[in-house]
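Written out below as structure tokens is the structure these notes cover.
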Amino acid sequence: MPEGVSSVYPGGSVHDSRASNISEKQVAALAERFAEIVPPRMFSMATLQGYLMAYKTRPHAAVDEAALWVQKKTKDRLVPASASRTDSSGGATVAGRSPVADRSP
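When we follow full-length UniProt numbering, the leftmost residue of the sequence shown carries the number 1, and every step to the right adds one.
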């Protein structure tokens, strides 16, 4: 490996000296807790990776804050962006159509 780069896998050291050094046992315990918090198949791998990258030097915080993150993401999924939009007459839109457009003359 290039100088300054090392393994990111348990048992090896982390890629960056800013990260905390944790044991393989601690990594396994954190992974187990994270898996218990995050529902299976709810999030894409990219979404999970994005969350974890935000905590790449703070693995304990990633697990500690995961439940709130799951709650927020779940809430965001239940309220589609179009649900909060209104048309110019002040009426709510349904599937991109104005309720006024459905009325016959």
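We treat Cβ as the ideally placed atom computed from N, Cα and C, and that holds for glycine. Since the model is a prediction, treat every value here as computed from it, not as a measurement.
Take the Cβ of Ala66 as the centre, count every other Cβ of all protein chains shown within 10 Å, and call the residue buried at 16 or more, exposed below. buried
On the three-state DSSP scale, how would you describe Thr57? coil
Who are the near neighbours of Thr74 in its chain, counting only those whose CB is closer than 6 Å to its CB and skipping five residues on each side? none
Proximity of Val63 and Phe34 at Cβ, strictly below 9 Å: yes
Which one of Phe43, Glu36, Met53, Asn21 has the shortest CA to CA distance from Lys72? Phe43
Determine the burial state of Pro40: buried for a count of at least 16 other Cβ atoms within 10 Å of its Cβ, exposed for fewer. exposed
Examine the ligand COA and report whether any of its heavy atoms sits within less than 8 Å of the Cβ of Leu68. No copy of the ligand COA occurs in the structure displayed, which carries no ligand at all.
Between which residues of its own chain and Leu30 is the CB-CB distance below 6 Å, once the five residues before and five after are set aside? Pro59, Val63
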